[in-house]
Each structure stands twice: as structure tokens, then as C-alpha cells.
Amino acid sequence: MFPGKGKYSDWISANKFNNQGIKLAKQKKYKEAAQKFRQAVKIYGVDYTYHEHLGGALREVGSLGEAEKATLRATQLAPWRWGPWYN
Numbered sequence: 061m062f063p064g065k066g067k068y069s070d071w072i073s074a075n076k077f078n079n080q081g082i083k084l085a086k087q088k089k090y091k092e093a094a095q096k097f098r099q100a101v102k103i104y105g106v107d108y109t110y111h112e113h114l115g116g117a118l119r120e121v122g123s124l125g126e127a128e129k130a131t132l133r134a135t136q137l138a139p140w141r142w143g144p145w146y147n
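Heads up, the sequence shown is in our numbering, so the first residue is 61 and it goes up one at a time.
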């Protein structure tokens, strides 16, 4: 659901990259997935799920410092959600 911040059209554009990243992650193509999640974050950086997904993909490729930053940002955007904290 639209987080209610920023432009709806930006969120829709970012969702396309996020969905592509999810498909790549399911195929265990984490490096490529991380690139898609980065694009989603660049377009619409206020959706915690994009940061959460980016953190997970970066963790899988061993970029732990970057993964920590992305996951921390997800917890800042949505401290009430369990997913970012779990990661």
C-alpha cells in the first residue's frame, strides 16, 4: 500500500523495480536483485520494504556493511514492523 509520502507516481515506478528485484532474489540472483532494489530506493526512498529487500540481497552477497545500513533505514522508516528488525 502507498505509504502516503511523496508522489504516488514515483512509488508506482519504484514498485516495478522492487518487483523485478523480488523475482531475481527468488532465483538467487542477489547481485542483480540488489541493483533493482537500489533503483527502487533511488526513485522512492520512503518505502521501508525497498530498504528491507535491499538489505536482504546485500546480506546474501556478503556486503554486510551496506546491508546493515539498508536494514537500519528500514527500521527507521517503519519501527513498528517486525521484518526489518528480524533481518
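We put the beta carbon where it would ideally sit given N, CA and C, even for glycine.
A quick note: this is a predicted structure, and the numbers were derived from the prediction, not measured.
Fill in: Same chain, Cβ closer than 6 Å to A93, five either side skipped, listed in chain order
Taken in chain order, the residues that qualify are G81, L84, A85, A117.
Exercise. Along the chain, which unbroken stretches of the alpha helix (DSSP H) at least 4 residues long are found entirely within the region 85-109?
Worked result: Runs of the alpha helix (DSSP H) inside the region 85-109: 90-103.
Assign N79 to buried or exposed, taking buried as 16 or more other Cβ atoms, counted over all protein chains shown, within 10 Å of its Cβ. Taking all protein chains in view, the Cβ of N79 is surrounded by fewer than 16 other Cβ atoms within 10 Å, so the residue is classified as exposed.
Determine the extent of the alpha helix (DSSP H) in which G125 is found, giving its start and end residues. Residue range 124-137 is occupied by the alpha helix (DSSP H) that includes G125.
Run the proximity test for A93: is its beta-carbon closer than 8 Å to any non-hydrogen atom belonging to the ligand SAH? With respect to the ligand SAH, the structure shown offers nothing to examine, as it has no ligands at all.
Considering only the alpha carbon of each residue, which of Y108, F97, L124 lies closest to R141?
The shortest Cα separation from R141 among Y108, F97, L124 belongs to Y108.
Review point. Once you ignore the five residues that flank V121 on each side, which residues in its own chain have a CB closer than 8 Å to its CB?
Key: Counting only Cβ-Cβ distances below 8 Å, and skipping sequence neighbours, we find Y90, K91, A94.
Query raised in the report: By a C-beta neighbour count over all protein chains shown, 10 Å radius and 16 as the cutoff for buried, is Y110 buried or exposed?
Result: By the C-beta density criterion, Y110 is buried, having at least 16 other C-beta atoms within 10 angstroms.
Q: Could you tell me whether the Cβ of G125 comes closer than 9 Å to any Cβ of chain C?
A: The question asks about chain C, but that chain is absent: this structure has only one protein chain.
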